[in-house]
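So the protein sequences, as listed, match chains H and L.
Using the working numbering, the first residue of the first sequence is number 1, and each one after it goes up by one.
Using the working numbering, the first residue of the second sequence is number 285, and each one after it goes up by one.
Yeah, the Cβ is synthetic: ideal placement off N, Cα and C, and Gly gets one too.
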Amino acid sequence: MKPSTKGVETGMKAHMVDAQKGTTSSRVSMELRGLGKKFLVGSDEFQALKSIDLDVGVGEFVCVLGASGCGKTTLLRILGGLEKHTEGTLRFHQESTGQPPTSIVFQEVSIFPWLNVWENVAFGLRARNAPKALIKERVSYYIEKVGLTSFSKHFPHQLSGGMKQRVSIARAFANDPEVLLLDEPFSALDERNKATLQDELLRIWEETGKTIVFVTHSIDEAIYLADRILVFTGPPGHITQTHMPEFARPRDMTAVRATPEYEMLLKSIHVGLGPTGNDPEIIE
Amino acid sequence: MNDQNSKSQTVGLMVEFPPSKDIGQAEKFRRKRDRILTVASPLILLLIWEIVIQLGLLDRRLFPAPSMIAGTFYELIVSGALWDDLSISLLRICVGFFFGAIAGIFVGTMMGVIPVVGAVLSPIIASIYPIPKIAIFPLIMVLFGLGEMSKFVVVAIAVFFYMVINTVAGVSNVESIYKDVGRSFRVSKIRSVFKITLPAAMPMIIAGLRVSAGVSLLVLVSAEFVGAESGIGYLVWNSWQIFDVRSMFVGIIVIGFLGWASFTFLDFIERACLPWAPKNRR
Numbered sequence: 001m002k003p004s005t006k007g008v009e010t011g012m013k014a015h016m017v018d019a020q021k022g023t024t025s026s027r028v029s030m031e032l033r034g035l036g037k038k039f040l041v042g043s044d045e046f047q048a049l050k051s052i053d054l055d056v057g058v059g060e061f062v063c064v065l066g067a068s069g070c071g072k073t074t075l076l077r078i079l080g081g082l083e084k085h086t087e088g089t090l091r092f093h094q095e096s097t098g099q100p101p102t103s104i105v106f107q108e109v110s111i112f113p114w115l116n117v118w119e120n121v122a123f124g125l126r127a128r129n130a131p132k133a134l135i136k137e138r139v140s141y142y143i144e145k146v147g148l149t150s151f152s153k154h155f156p157h158q159l160s161g162g163m164k165q166r167v168s169i170a171r172a173f174a175n176d177p178e179v180l181l182l183d184e185p186f187s188a189l190d191e192r193n194k195a196t197l198q199d200e201l202l203r204i205w206e207e208t209g210k211t212i213v214f215v216t217h218s219i220d221e222a223i224y225l226a227d228r229i230l231v232f233t234g235p236p237g238h239i240t241q242t243h244m245p246e247f248a249r250p251r252d253m254t255a256v257r258a259t260p261e262y263e264m265l266l267k268s269i270h271v272g273l274g275p276t277g278n279d280p281e282i283i284e
Numbered sequence: 285m286n287d288q289n290s291k292s293q294t295v296g297l298m299v300e301f302p303p304s305k306d307i308g309q310a311e312k313f314r315r316k317r318d319r320i321l322t323v324a325s326p327l328i329l330l331l332i333w334e335i336v337i338q339l340g341l342l343d344r345r346l347f348p349a350p351s352m353i354a355g356t357f358y359e360l361i362v363s364g365a366l367w368d369d370l371s372i373s374l375l376r377i378c379v380g381f382f383f384g385a386i387a388g389i390f391v392g393t394m395m396g397v398i399p400v401v402g403a404v405l406s407p408i409i410a411s412i413y414p415i416p417k418i419a420i421f422p423l424i425m426v427l428f429g430l431g432e433m434s435k436f437v438v439v440a441i442a443v444f445f446y447m448v449i450n451t452v453a454g455v456s457n458v459e460s461i462y463k464d465v466g467r468s469f470r471v472s473k474i475r476s477v478f479k480i481t482l483p484a485a486m487p488m489i490i491a492g493l494r495v496s497a498g499v500s501l502l503v504l505v506s507a508e509f510v511g512a513e514s515g516i517g518y519l520v521w522n523s524w525q526i527f528d529v530r531s532m533f534v535g536i537i538v539i540g541f542l543g544w545a546s547f548t549f550l551d552f553i554e555r556a557c558l559p560w561a562p563k564n565r566r
């Protein structure tokens with residue numbers, strides 16, 4: 001992912017945490033208790049998610065790692081308010097009245113072609129009638145953060161794929177939700193773009209201290225980004241493992257890959273994901 | 285090297301694919317040629333028409349040559365008679381088009397956005413839509429009188445149905461990702477209609493306006509044939525009845541011009557409403 005420039009720092013270790021509820025932060029952003037989802041397929045009941053318990057701490061970066069079809073996107077859509085869970089409870093902390101619980105960065109291109117970059121980033125804030133001055137400040141701030149200041153007046157059709165996804169990220173952050181949800185946001189990008197955007201995301205995350213739930217099917221992406229990796233299998237979708245990779249940030253993947261901890265983590269995750277023969281989506 | 289040569293000779297034939305000398309000149313030439321042809325083809329048609337008449341191949345009483353029509357055209361312009369007919373037709377089209385389009389877009393949006401409204405209205409729309417609107421013109425005259433109102437109404441009704449059908453198609457085919465974005469930002473239902481549904485449906489709505497412009501011209505001219513004392517359609521029909529063939533052709537040419545003008549006007553509308561559509565970059 002990144003060229004090796006530094007050696008591996010000592011004391012770095014990856015260990016597995018048994019308790020799924022363990023967090024790295026004192027205050028909780030999001031709390032799931034026995035969360036489940038059932039829906040009808042034809043006339044049959046289908047259990048998409050089953051008894052998920054999870055606490056996500058403020059400022060934590062959590063990756064949900066699983067194969068396609070395991071229910072991880074359904075989980076994200078429930079957290080994002082696009083679908084309703086049918087079992088258990090879901091609670092979000094709210095910093096101030098009117099603060100939205102979540103914003104989503106979607107996998108596919110989701111910015112509006114009829115709005116320019118600035119208007120796209122302002123979309124969430126305008127939708128909840130935020131004060132004009134605040135909109136201006138936040139939008140400019142995040143457009144600058146994703147490096148698109150000189151493209152503010154451009155329409156999406158004038159942007160590259162990577163730039164469109166940057167707009168999407170800026171739009172989600174500018175809305176200032178309690179939790180940011182990212183659904184395989186970089187999977188449509190080429191390797192170099194992907195690496196650049198991962199670094200940008202980490203930088204913005206560190207600068208803003210936002211809580212992030214990031215859904216991916218790439219093990220290395222999860223190891224590169226996450227404070228905590230939730231290995232997800234299904235259906236019915238549920239958390240089978242929780243890992244807390246403790247490689248020092250910024251993570252240098254070439255160095256990380258050379259460590260025995262990485263080797264152990266990888267093996268363990270593969271066990272958690274189950275047999276790989278039938279899910280070609282899992283990429284190392 | 286020698287080995288490879290001998291090998292390929294023994295296996296089969298080397299077929300050469302020569303490079304192209306064209307780095308885009310051909311395409312450039314084609315575009316220039318097409319631009320010239322667009323202007324030239326109507327002129328050539330007029331020229332052929334002129335020659336055919338001058339040679340006496342067709343009866344010049346029924347098919348006057350362009351040069352003869354031009355004279356009449358000039359007379360009608362100078363006398364103000366043409367402008368009288370043209371202005372009243374333009375008024376009828378504009379008023380009918382405007383109200384028909386507004387109502388059509390409104391009803392179409394409601395049908396696309398509110399499922400109950402769609403379920404109730406779509407069979408009704410589908411069964412009335414194919415009826416030629418000129419067929420109910422007598423009925424419209426009974427209801428709205430012989431004056432201007434009946435002309436406004438017949439144009440408005442024709443435009444209304446086209447706009448309903450196109451708007452429903454546009455509104456119900458909004459990509460689901462855009463709706464997801466709206467819901468993820470917890471946008472209210474009404475706001476999402478104005479901020480997401482209508483902008484996304486705009487290309488279809490504009491396409492509907494384009495068709496409607498032609499339809500309104502068609503319907504109005506037919507209505508003016510049978511139920512008016514003024515207007516371009518009246519000019520054509522009345523000239524025919526008094527066997528003033530040259531004036532009739534003037535009317536026909538003006539109708540053609542109106543069709544072209546409405547298309548140009550809608551190009552302008554499209555550029556104004558869809559600055560984000562890639563094809564408008566040209």
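Asked                                                                                                                      : Found
As assigned by DSSP and simplified to three states, the class of L/F357                                                    : helix
Sub-9 Å separation of L/Y413 and L/I386 beta-carbons                                                                       : no
Selection from H/S51, H/Q47 and H/G71 that minimises the alpha carbon distance to H/R286                                   : Lying outside 1 to 284, the shown extent of chain H, residue 286 of chain H is not represented and no answer is given.
DSSP bridge partner residues for H/D183 (one or two, in chain order)                                                       : H/V215
L/D551, DSSP secondary structure in three states                                                                           : helix
Which of helix, strand or coil DSSP assigns to H/T233                                                                      : strand
Nearest residue (CA-CA) to H/E184, options H/K194, H/D176, H/E178 and H/N175                                               : H/K194
Endpoints, alpha helix (DSSP H) assigned at L/M298                                                                         : L/M298 -> no alpha helix (DSSP H), and no H or E assigned at all.
DSSP-derived helix/strand/coil call for H/H270                                                                             : helix
Within chain H, the residues that L/R475 reaches when beta carbons sit closer than 8 Å                                     : A127
Backbone secondary structure at L/C378 - three-state DSSP                                                                  : helix
Test item: CB-CB of L/S506 and H/I104 under 9 Å                                                                            : no
Neighbour list for H/L82 in chain L, Cβ cutoff strictly below 7 Å                                                          : D464, R467 and S468
Cβ neighbour criterion (16 or more within 10 Å) applied to H/Q165                                                          : buried
Cut-off 6 Å between Cβ atoms - residues of its own chain near H/G162, not counting five sequence neighbours on either side : L189 and N193
H/L180 versus H/H85, H/R228, H/K210 and H/V64, residue with shortest Cα-Cα distance                                        : H/K210
Contacts that L/V471 makes with chain H (C-beta to C-beta distance below 7 Å)                                              : A127
Span of the beta strand (DSSP E) around H/E31                                                                              : V28 to V41
Of the residues L/S523, L/R555 and L/A561, the one placed nearest L/L346, counting alpha carbons only                      : L/S523
Best match in H/F61, H/L79, H/L148 and H/H217 for proximity to H/R249 [C-alpha to C-alpha]                                 : H/F61
When H/L266, H/R128 and H/P236 are compared against H/K72, the one with the closest alpha-carbon                           : H/P236
CB contact flag (H/K132, H/I204, <9 Å)                                                                                     : no
H/V64 - partner residues in DSSP beta bridges                                                                              : H/V215 and H/L230
Complete runs of the alpha helix (DSSP H) confined to the stretch 52-133 of chain H [at least 4 residues]                  : 72-79 and 117-127
CB contact check: H/H157 to chain L, cutoff 9 Å                                                                            : yes
C-alpha distance - L/G535 paired with L/L339, whole-angstrom precision                                                     : 25 Å
Unbroken alpha helix (DSSP H) run spanning L/F445, endpoints                                                               : E432 to S456
Within 9 Å, strictly: CB atoms of L/L558 and L/I480                                                                        : no
Three-state secondary structure (DSSP) of H/F46                                                                            : strand
Close Cβ partners of L/I389 (< 7 Å) along its chain, the five nearest in sequence each way excluded                        : M447, T451 and I489
Whole alpha helix (DSSP H) elements within the stretch 447-533 of chain L, 4-residue minimum                               : 460-468, 473-476, 482-511 and 516-525
Identified DSSP bridge partners for H/H238                                                                                 : H/T233
Cutoff 9 Å: L/I490 Cβ touching any chain H Cβ                                                                              : no
Residues in the stretch 105-122 of chain H having any Cβ partner in chain L nearer than 9 Å                                : F106, E108, V109, S110, I111, F112, P113, W114, L115 and N116
Residues near L/A329 in its chain [Cβ-Cβ closer than 7 Å; skip 5 each side]                                                : Correcting the residue identity first, residue 329 of chain L is Leu in this sequence and not Ala. Here the set comprises nothing.
Beta-carbon proximity list for L/V401, same chain, < 8 Å, skipping 5 on both sides                                         : M394 and M395
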